[in-house]
Every structure is written in structure tokens, then in C-alpha cells.
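The structure appears right after this line, and notes come after that.
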Amino acid sequence: MATGQLIDDDPELALAHALVARRKASRIAVVREAAGLAAYHAGEWQTALGELRTYHRMTGRQTHIAVIADCERALGRPEKAIDLFRTADREKLTAEEIVELLIVAAGARGDMGQHDAAVAMLQVRELTSAPEAVWAARLRYAYADALLRAGRREEAREWFARAADLDEDLATDAAERLLELDGIVLDGDEDDEDLDEPRAAGDADAEDAEDADDYDDEDDEDDRDQDDEDDYDDEDDADDEDADDYDDEDDYDDEDDEDDDVDDGADDYDDDHADDDRDGDVPAAAEGDEESAGGGRTGEDDDEADDDRDGDVEPPAGPRGDGTARG
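The opening position of the sequence shown corresponds to residue 1 in full-length UniProt numbering, with each subsequent residue numbered one higher.
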């Protein structure tokens with residue numbers, strides 16, 4: 001019940017109700033039929049195809065064969081829609097079901113680019129007979145559309161007009177198509193709003209461009225500030241280098257002062273010895289004793305040196321490394 005009430009106004013919600021019912025009663029044919037039709041109106045072609053085929057198997061009918069063929073078209077398989085039209089058991093179909101299947105098959109021809117063949121398929125006696133039938137307006141509309149696609153504009157206009165005459169329930173947009181062919185534009189206010197939208201979009205683009213320019217200006221200012229900071233850092237580095245040079249000069253001056261102190265000490269030492277030499281000469285005996293003493297010490301030193309040469313001297317231990325590479 002809910003599916004039937006919502007199928008035109010809210011097909012998605014209708015499909016949701018139908019699928020819930022199918023889960024609870026999947027073996028009931030009318031439930032599968034409702035799910036298939038709801039899926040078709042919601043644009044769920046594959047689901048509609050499966051549900052309606054199941055309905056046909058469960059009932060042995062071909063009630064919705066035109067809907068199944070249209071699902072094949074929507075899934076990009078127009079040749080299968082044409083095959084369904086050719087192989088359909090017309091004894092099981094009503095006149096309306098046959099006409100609806102014909103309309104779908106002609107549309108499939110048009111999908112394949114066979115526009116003249118589509119026009120030829122729709123040239124049936126039902127096109128001019130039984131104008132009171134519910135499907136008459138739809139058949140004339142389909143024929144007019146096929147003529148227009150085939151490039152036969154004047155004939156198309158005629159048949160759109162004939163379809164509009166029969167379409168009291170506005171099942172098609174034949175009247176609007178007729179006005180379009182006559183160059184009449186409806187809903188001028190809506191068209192004006194559509195024309196205003198590009199201007200609004202252009203304004204938005206201009207604002208975006210201005211924002212981008214402002215952002216670029218900020219980037220330029222940041223770059224200039226960064227350059228100023230870099231220059232300031234360069235000046236600091238130059239000052240540091242000058243300071244280092246000044247420190248090196250100070251160190252050089254300190255070394256000169258130390259050298260002067262050493263020279264002064266050496267001069268003082270020379271002055272002291274010169275004073276001792278002026279005080280008196282060393283006695284000869286003392287000189288001899290000093291030489292003897294010096295000679296004795298020299299001999300002992302020579303013996304010790306010989307002993308050092310005779311013995312092995314162990315070299316000092318060096319640093320040890322295992323030679324293992326890291327990483």
C-alpha cells in the first residue's frame with residue numbers, strides 16, 4: 001500500500017518500503033511486482049529487471065515486458081530490447097502492452113543511430129486509429145520524436161501537434177515541444193535567473209582573483225621582510241667576522257708581549273752571569289776536580305748507555321681498535 005502511494009512522489013522511499021516487504025514475503029508475486037516497479041521509477045534498472053522477471057516467472061504473464069525492455073535500454077543494451085519486441089508472445093499481451101513495447105523498441109533503434117528504422121517501426125495503423133485509446137497520445141509523441149531525430153522537422157511538428165490534441169492528461173510534454181519548434185520560450189523569469197547565474201559566478205571569480213592578488217601581495221611583503229632579515233643577518237655575520245679579526249689582533253699583541261717578556265728575562269740572565277764572571281776566576285784545582293768529577297760521571301753514563309743498547313726495550317703500547325664498522 002505504501003509503495004503504491006509513494007511511487008510517483010518519492011520513488012526512493014517507495015522502493016525502500018517495497019524491499020522491506022520483499023524480505024518478509026519474497027514468494028508473493030505482487031510483492032515482487034511492486035518492488036520491480038518501484039525500482040524502475042527510482043532508476044534502479046538492474047533491480048527492476050530482476051524483480052519483474054521474477055514476477056513474470058511466478059505468474060506466467062508478460063505484463064511488464066515493455067518496462068523490462070526499457071531497463072535493457074537504460075543499461076546500454078538496446079539490442080536486447082529489440083529482441084524482446086521480436087520474440088514477445090503477442091497473444092498474452094494487450095493492445096496497450098504491445099504499443100508500449102513497440103515504442104521502447106523504436107527508441108532502441110534510435111539509440112543505435114538507426115533513426116529511419118525507428119520511424120519505419122512506428123508507422124503502424126494504430127498511429128491513426130483509436131484516438132480515444134490511453135496510449136494514442138504516447139504513440140504519436142514517439143513518432144514525432146523519431147521524425148525530429150531523423151531530421152524531418154516539419155513532419156515532427158505536425159505530429160507533436162496531433163499528440164498534444166489527444167494528451168488531455170498531460171502524460172507527455174508534446175505541447176512544450178511544439179512551442180520549442182515554433183521558437184516560443186516559456187518561463188521567461190526562470191530564464192532570466194539562469195542568465196543572472198553566470199554573472200554571479202563571474203563576480204565570484206573576480207572576488208577570488210582579488211583575494212588571490214591580496215594573498216600574493218602579502219607573500220611579496222613577507223618575502224621583502226625575509227630579505228631584510230637576511231640582510232640584517234649578513235651584517236651581523238660581518239660584524240662577527242670583524243670582531244673575530246679584532247680578537248686575532250689582540251692575541252697577536254699578547255704573543256708579542258710574551259716574546260718581549262722572554263727577551264727581558266734572557267737579558268736579565270745574561271746580566272747576572274756577566275756579573276759573576278767579573279767577580280773572579282775559578283781556581284785551577286777546582287777546575288781539575290770538576291773535570292775529574294765530570295769525567296767519572298761520563299764513564300758511568302757510557303756504561304749505562306751500553307747496557308741499554310744490549311737489552312731489548314719494549315715499545316710503548318699503542319691504542320687498540322677492533323676495526324668493526326658501525327651501521
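Note that CB positions come from ideal geometry on N, CA and C, so glycine has one too.
Proximity below 7 Å, CB of residue i to CB of residue j
| i | j | result |
| --- | --- | --- |
| Ala66 | Asp116 | no |
| Pro78 | Met112 | yes |
| Pro11 | Ala42 | yes |
| Leu166 | Ala146 | no |
| Ala21 | Val31 | yes |
| Leu139 | Phe160 | no |
Nearest-angstrom Cβ-Cβ length linking residue i and residue j, presumed shorter than 8 Å
| i | j | result |
| --- | --- | --- |
| Ala16 | Ile7 | Not confirmed; about 12 Å, so no contact. |
| residue 330 | Arg73 | Any property of residue 330 remains undetermined from this structure, which presents the chain solely from 1 to 327. |
| Ala69 | Leu84 | 4 Å |
| Val99 | Glu126 | 6 Å |
| Ala174 | Ala156 | At roughly 11 Å, the Cβ-Cβ gap does not stay under 8 Å, so Ala174 and Ala156 are not in contact. |
| Lys92 | Arg57 | Lys92 to Arg57, Cβ: 14 Å. No contact. |
Residue environment, residue i, which counts as buried when at least 16 other CB atoms sit within 10 Å
| i | result |
| --- | --- |
| Thr172 | buried |
| Glu27 | Checking the displayed sequence, the identity of residue 27 turns out to be Arg instead of Glu. With fewer than 16 Cβ atoms within 10 Å of its Cβ, Arg27 is classed as exposed. |
| Arg23 | exposed |
| Asp9 | exposed |
| Leu19 | buried |
| Leu186 | exposed |
| Ile82 | buried |
| Gly36 | buried |
| Ala95 | exposed |
| Ala108 | buried |
| Glu168 | exposed |
Element boundaries [alpha helix (DSSP H), containing residue i]
| i | result |
| --- | --- |
| Gly183 | Segment: none, Gly183 is in no alpha helix (DSSP H) and carries neither H nor E. |
| His56 | Trp45 to Thr59 |
| Ala16 | Pro11 to Lys24 |
| Lys80 | Pro78 to Thr87 |
| Gly107 | Ala95 to Asp111 |
| Glu72 | Ile65 to Ala74 |
| residue 369 | Past the edges of the chain, shown from 1 to 327, lies residue 369, and the structure says nothing about it. |
| Ala38 | Ala29 to His41 |
| Asp165 | Arg153 to Leu166 |
| Asp116 | His115 to Met121 |
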